[in-house]
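Convert by adding 1 to the 1-based position in the sequence shown; the result is the number in the working numbering.
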Amino acid sequence: MKGKKRKTAVLTMAAVLSVMMIASPLAVMAEETASAAPAITQDGNVQKETAPAIRLPENLRAKAGTALKDVALPEPWTWADGSTVIPAETAEYPARLCVDDTAYDYSKVEGYNAGGHYVERMVVVTAEAAKAEAAGPVQGKSRGLPGDTPVTYDAGDIKIDDGTNFPDAEFRKYIGNFDQDGNSKLSAAEIADIKKVDVHGNTGIRNLKGIEHFTALETLNCYETGIGSLDVSNNKKLTYLDCGDNVSLTDLTVDGAAALETLYCYKTGIGSLDVSSNKKLTDLACSNNASLASLTVDGAEDLETLNCGNTKLGSLDVSNNKKLTYLACSNNASLTSLTVDGAEDLETLYCGNTKLGSLDVSNNQALKALYCYETGIGSLDVSNNKKLTYLDCSNNASLTSLTVDGAEDLGTLNCGNTKLGSLDVSRNPNLVHLYCDNNPLAYLKIGTNNKLTNVHSTGLKPVEVTVTSDHFQMADKFAGIDPNAVEGVSGATYNSGTMSNYREGTPITYTYHCGTSSGGEVTIGVTLNITLGSTIFITENLNKTYDGKAVSAAPQVSTEGSSGAVSFTWERENGANTWEIINSAPTDAGTYQVTAALESDGTYKEATSEPVRFTISPKDITTDSQIIVPDITADTDLDKLVIQDGDRVLVQGTDYDVTKTQDGAKVTVAITGKGNYTGTITRTYTVNGPDSNKDGTKTAQTGDPANVGLLAAMVLLSAGCMFVLIRKKGQKK
2 MKGKKRKTAV LTMAAVLSVM MIASPLAVMA EETASAAPAI TQDGNVQKET
52 APAIRLPENL RAKAGTALKD VALPEPWTWA DGSTVIPAET AEYPARLCVD
102 DTAYDYSKVE GYNAGGHYVE RMVVVTAEAA KAEAAGPVQG KSRGLPGDTP
152 VTYDAGDIKI DDGTNFPDAE FRKYIGNFDQ DGNSKLSAAE IADIKKVDVH
202 GNTGIRNLKG IEHFTALETL NCYETGIGSL DVSNNKKLTY LDCGDNVSLT
252 DLTVDGAAAL ETLYCYKTGI GSLDVSSNKK LTDLACSNNA SLASLTVDGA
302 EDLETLNCGN TKLGSLDVSN NKKLTYLACS NNASLTSLTV DGAEDLETLY
352 CGNTKLGSLD VSNNQALKAL YCYETGIGSL DVSNNKKLTY LDCSNNASLT
402 SLTVDGAEDL GTLNCGNTKL GSLDVSRNPN LVHLYCDNNP LAYLKIGTNN
452 KLTNVHSTGL KPVEVTVTSD HFQMADKFAG IDPNAVEGVS GATYNSGTMS
502 NYREGTPITY TYHCGTSSGG EVTIGVTLNI TLGSTIFITE NLNKTYDGKA
552 VSAAPQVSTE GSSGAVSFTW ERENGANTWE IINSAPTDAG TYQVTAALES
602 DGTYKEATSE PVRFTISPKD ITTDSQIIVP DITADTDLDK LVIQDGDRVL
652 VQGTDYDVTK TQDGAKVTVA ITGKGNYTGT ITRTYTVNGP DSNKDGTKTA
702 QTGDPANVGL LAAMVLLSAG CMFVLIRKKG QKK
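In structure tokens:
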């Protein structure tokens, strides 16, 4: 009906993923540092880097009568006297931290012992007998733990013993410590006093439901318990949470804990962690979580320290964490992507023992220490990292290029056991320690550096060199080498930078003068293993327009080495980047590729070129002068239509299609190329006689049975209608 409108219903759905994490307390920073390559010292004036700040172990608790050796310290801290027995009261005990005093100046650090290379400080251990503290007034409804039914409670008293507010018996027992008047209820005043809950080590606690009542809670220690889930979204004042060492913990919700600053959730069973809403979070340790595959830190804008090593993370992006200074994501066997661009304050980065294929630190100008050992990176450039003092890129089996030019403060470089064929540290004036052992070095440049005290270049591997003639230029094979620093050549003749008179199977050896360190001149011994190889490249451009002829069956090539025969393999593209081998050089339009193979001549080995892709484009029948389309002035011309490409007669259905339309007396014929041809040519003519349509409407085509049938049906229908009208008229009369 007119005036009525149809209504359209639109259903919108939105899904939000969040969750979980991995961790290990910040103290593990020391462990990673201790395991890295040797530290930095300076010249005779012993000018060292300022010692990093020392963070003491916190929240240590133990039962009275326990020996200190049984109280776990974060590695590498150790007790000075592990036999000391803890009394009933809280006390301080001496603990030691091994330090890297070759690189850093600890002389002004409290408790530093130069002879023992450690710092000794007093660490607080709280006796378990100490009374628990208490926290804040309750309002509204509790949120409970994930999956629990919310419990309504009134502001004021909260029952402890009925099992509703605190269903876990062990947790209820602990909560009883806050019941100051012993009435099995928590008053608003008692709740307001609860600032800290510490149930760590109580493996009998399986459920912390009820924690949401403590809205003034600031510290929660529940590590080493038996909990399976934890929701602190209602604890708005919570600043410190340690729920680590809970392998049963698979569900952690921190969204809503707006004041949270420190989160330790290491060694748990969580599979994902999202802290994007925790704007005040500064310290996150989620390492050693074997199931953690997703970590979102975007939005945690105050984050300064992140430890997420030894997890299942496949990628990590900290580009929006501008204040991040420390990142440890080592020992992640699945980690293939790491984005640190944008982390402007990043000073320390551990990303070793991962599957990273590349690493870009060019925009991390505050970076001081980089540990990227045992990865898959093929090249590394730290030329933009002016403040970098320590670099460990050792044991990278794919690393073939390292650029340290510009890293002016670099003091220690460990690049041993890689595939580096050359190394230039001549522009690193503060370099003290250099480790480049077990590399296939053709040369090493150190310049003149009186600060350089240690150069470790033992176990250098032979350099594999493929040559294609009876001589080669050293500068061509090894870019940046100083030909004048090569001497003592054996196994070949060396003259003005040119090697000649060598044989395959006989190594070429020489001594390379690297420069001068604090100990005097430095040289390395180099071995070149020669292989007589070959190269071949296809140089001819095979792209063309279809002309009925095959492309060159023997395209032009450039070869070096072997004088053997050259053969070609032709392939045609079938679909998206899939290829089918064809027997010979192609003729028809399409996309192809060809590969050249050079046979060995007995002296030089065979070689294969890179495949070269080319296209044979269809010929345009509208512009090509070879295409002959006759005039068409009548239907009889169409019946005997012959189209030619030069002397070749084209085949309708294979090379072109014909369509015919008629509008009144005007007939239009469209000839459209196909296969090896493209484009459309039209011809028009006028028909006279009974087939003409005087009113200008289109007529059915004689060759179209569907149109003929439709016309016949319309004629019969019209005749039937006329018959009915005439009959009714006769009846009225």
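Even for Gly, the Cβ is constructed at its ideal location relative to N, Cα and C.
The residue from Ile509, Ser585, Leu274 with its alpha-carbon nearest to that of Cys309 is Leu274. In the structure shown, Ala486 falls within a helical segment according to DSSP collapsed to helix, strand and coil. Separation of Phe473 and Asp438 (C-alpha to C-alpha, rounded to the nearest whole angstrom) is 27 angstroms.
Taking 7 angstroms as the cut-off, the beta carbon of Leu371 is found no closer than this to the beta carbon of Ala344. Thr507 sits away from Gly520, with the two beta carbons spaced by 7 angstroms or more. Straight across, the Cα-Cα distance linking Ser395 with Tyr374 is about 5 angstroms.
The stretch 495–503 and the stretch 555–574 do not touch, with fewer than 3 CB-CB distances between them shorter than 8 angstroms. DSSP, reduced to helix, strand and coil, places Asn178 within a helical segment of the structure shown.
Between Phe172 and Ile206, the gap from beta carbon to beta carbon is short of 7 angstroms.
Closest option to His457, judged by alpha-carbon separation, among Asn415, Ile271, Asn578: Asn415.
Pairing Pro95 with Ala81 gives a Cβ-Cβ distance under 7 angstroms.
Restricting attention to Asn575, Thr679, Ser249, the CA atom closest to the CA of Thr655 is found in Thr679. Comparing alpha-carbon positions, the option among Leu314, Cys330, Gly674 lying closest to Ser618 turns out to be Gly674. CA-to-CA, the gap between Leu347 and Tyr327 works out to about 6 angstroms. Across the structure, Asn542 and Glu611 are spaced so that their CA atoms are roughly 14 angstroms apart. Where Ala190 is concerned, the enclosing alpha helix (DSSP H) starts and stops at 189–193. Within the same chain, and ignoring the five residues on either side of Val120 in sequence, the residues whose Cβ sits closer than 8 angstroms to its Cβ are Ile55, Arg97, Leu98, Val100, Tyr107, Val110, Glu111, Gly112, Tyr113, Asn114. Between Gly481 and Tyr511, the gap from beta carbon to beta carbon reaches 7 angstroms or more. Contact between Glu305 and Thr283 holds: CB atoms are separated by about 5 angstroms, below the 8 angstroms threshold. Cα atoms of Asn364 and Val124: separation of roughly 39 angstroms, rounded to the nearest angstrom.
For Asp477, the uninterrupted alpha helix (DSSP H) segment begins and ends at 475–478.
Restricting attention to Ser553, Ser564, Val464, the CA atom closest to the CA of Asn530 is found in Val464. As DSSP reads the structure, Thr510 sits in a beta bridge with Ser491, Thr528. The C-alpha of Asn397 lies about 24 angstroms from the C-alpha of Val319. A direct Cα-to-Cα measurement between Asn178 and Leu285 gives close to 30 angstroms. The shortest CA-to-CA distance from Ile622 to any of Thr604, Ile644, Leu639 is the one to Ile644. In the DSSP annotation of this structure, the continuous segment of the beta strand (DSSP E) that includes Leu274 starts and ends at 273–275.
With respect to Leu350, Ile378 sits apart: the two C-beta atoms are not nearer than 7 angstroms. Taking 7 angstroms as the cut-off, the Cβ atoms of Leu242 and Leu221 count as close.
A direct Cα-to-Cα measurement between Ala128 and Val72 gives close to 11 angstroms.
Note on Val298: 16 or more other CB atoms within 10 angstroms of its CB, so buried under the neighbour-count rule. Residue environment analysis places Val255 among the buried positions, since at least 16 neighbouring C-beta atoms fall within 10 angstroms of its C-beta.
In terms of CA proximity to Gly676, Ala590 leads the group Asn236, Ala590, Glu409, Ala52. Collapsing the DSSP output to three states places Lys186 in a strand. Judged by beta-carbon spacing, Thr251 lies beyond the 7 angstroms limit of Gly227, meaning their Cβ atoms are not closer than that value. The C-beta separation of Asn450 from Leu432 comes to about 6 angstroms, placing the pair in contact by the 8 angstroms criterion.
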